[in-house]
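Chains as they are written, first to last, in this note's numbering: chain D, 390 to 521; chain U, 390 to 521. Idealized CB from N, CA, C, for every residue including glycine. Being a predicted model, the structure only gives us computed values, none of them experimental.
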DNA sequence: TAAGACGTTTACGTTAACGTAAAGCAGGTG
DNA sequence: CACCTGCTTTACGTTAACGTAAACGTCTTA
């Protein structure tokens, strides 16, 4: 038997440094569907993972709708063979987007390098000789 | 003497697959400041580079305000020594953000791998023996 | 039992990043 | 000259992703 920890809404809010409103909003958007104890939401480890995926997607500039696709991929309940091939092509599309982002990041890093050098040069011209 | 090509607003719109409205909006937001021939905007190569930076930032989930900071770094007109150190720390912050995004991308790629494998497994169970 | 901490729903407000008209000027062409 | 093409400004509309406030339930702790 596996241990099944669960979390309150504020547990997760605190852990990921977001508000409870945000979490409820994600539920409204159909990205989460926690169990309930009466009115109170109860989050499982799976919900926690989904939230993590959402936030990671957000950091990469994905919309919630896009993140939902990612979560749907992660969901092991898509057993329709017909859909699986569609999923595979979506996965491929994602992969290509990530490749583009990787390239963007490398380009950006190179430009930060250049910008930093320009800055340092400008400072050196002001403070000519740093003989200790 | 360097050749100084210039572009119309629709030249750039077409090249980057955005609307002219978008480009004017970026100007409104203070990210671009093209020359004018009367009323008509004339874009230099430098403007083109800035636009490129904005769009790259966008792909990485940056806001326009953040992209403006990137452009300001790129601008060689920040000659105030006092500001340069602030710039350097901003550059550093950017760098760390990019590192985080890199990590996010790698994690995401790993999960796409896993998702793909699950898909393929599911398909193989349906189509058991692929003896040609 | 009153207060405080935590949860809930409902609903209107806000910001960013454009979209979408509407109305008009400027230059070239049949 | 009338028309078309491409540019302009002004201004209101829209969508996503929450923020914020109101009003209420529930538990526990002083």
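Using a Cβ-Cβ cut-off of 8 angstroms, residue 432(U) does not count as an interface residue toward chain D, since no Cβ of chain D sits closer than that to its own. Below 8 angstroms, too few C-beta pairs join the segment 435-455 of chain U and the segment 474-483 of chain D to call them touching: fewer than three. It is roughly 16 angstroms from the alpha-carbon of residue 494(U) to the alpha-carbon of residue 438(D).
By the neighbour-count criterion, in which a residue is buried when 16 or more other Cβ atoms sit within 10 angstroms of its Cβ, residue 430(D) is buried.
In the assembly as shown, residue 399(D) is an exposed residue. Its beta-carbon has fewer than 16 other beta-carbons within 10 Å. Rounded to the nearest whole angstrom, the CA to CA distance from residue 513(U) to residue 459(D) is 22 angstroms. Only 442, 445 from the segment 421-445 of chain U bring a Cβ to less than 8 angstroms from some Cβ of chain D.
Residue 423(D) sits buried, since 16 or more C-beta atoms from the chains shown fall within 10 Å of its C-beta. Residue 424(U) is bridged by DSSP to 431(U). Contact check for residue 453(U) against residue 418(U) passes: the beta carbons are separated by less than 8 angstroms. Per DSSP, residue 414(D) is one residue of the alpha helix (DSSP H) stretching across 409-417. A straight line joining the alpha-carbon of residue 463(U) with that of residue 427(U) spans about 28 angstroms. When the alpha-carbon of residue 499(D) is set against those of 412(U), 433(U), 488(U), the nearest one is in 488(U). Inter-residue distance for residue 497(D) and residue 393(D) is about 42 angstroms (C-alpha atoms, whole angstroms). Within chain D, the residues 498, 501 have their CB atoms less than 8 angstroms from the CB of residue 484(U), given in chain order. Against chain D, a Cβ distance below 8 angstroms from residue 406(U) picks out nothing, because the smallest value is about 14 angstroms.
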